[in-house]
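What follows is one structure encoded as structure tokens, with my remarks underneath.
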């Protein structure tokens with residue numbers, strides 16, 4: 212027989228997924244509960260700039276949580292890694308290999324570019340794919356300039372190290 216006192220834990224268990232979310236996904240969890248955002252969502256399909264008010268490129272359904280929706284924020288967060296085709300690659304340049312990228316993948320088109328959202332145990336990463344980047348092409352990473360570049364570069368390097376470690380551990384998809 213089940214312990215009747217365990218019922219009090221059911222609502223808590225429903226939110227355990229937030230322990231695995233990154234900062235942008237947590238921001239969505241807060242935003243989707245905001246009553247003004249919910250109102251804008253209901254009206255927003257007719258108002259183009261409603262998404263900009265909330266810092267989003269597109270409005271997302273607030274009924275969906277961060278497991279189902281991956282909003283694209285108007286200004287890229289420091290954790291977004293930008294990938295561009297390498298116009299002058301060295302002979303041994305690594306090639307972009309979509310199917311070698313680890314984890315669960317979500318492709319999002321925001322009207323401007325493709326964003327590849329990756330999730331694997333303990334990590335979440337967003338790759339902004341430049342137009343023209345194709346599977347098998349040499350590529351390079353880009354990071355936005357800022358007032359405190361060293362901190363941003365360290366975060367950038369840590370993200371790339373995690374991605375490289377995951378790619379080394381994952382067999383090639385067939």
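In my numbering, the protein residues as written are 212 to 385.
All residues carry an ideal CB built from backbone N, CA and C; glycine is no exception.
Beta-carbon spacing of residue i, residue j below 8 Å
i	j	result
residue 321	residue 268	yes
residue 307	residue 294	yes
residue 292	residue 243	no
residue 297	residue 351	yes
residue 222	residue 248	no
residue 353	residue 300	no
residue 285	residue 255	no
residue 334	residue 373	yes
Contact belief for residue i with residue j at Cβ below 8 Å, rounded distance in angstroms
i	j	result
residue 281	residue 336	No, residue 281 and residue 336 are not in contact; Cβ-Cβ is about 11 Å, not under 8 Å.
residue 324	residue 378	Actually they are not in contact, since the Cβ atoms of residue 324 and residue 378 sit about 22 Å apart, beyond 8 Å.
With 16 other Cβ atoms within 10 Å as the buried cut-off, status of residue i
i	result
residue 313	buried
residue 345	exposed
residue 229	exposed
residue 368	exposed
Limits of the beta strand (DSSP E) - the one that residue i falls within
i	result
residue 316	315 to 320
residue 331	325 to 331
residue 352	350 to 353
Residue i Cβ short of 7 Å to the ligand GDP heavy atom set
i	result
residue 275	Among the ligands in the structure shown, none appear at all, so the ligand GDP cannot be discussed.
Sequence ranges, alpha helix (DSSP H) only - wholly within the region 237 to 297, length at least 4: 246 to 255 and 261 to 264
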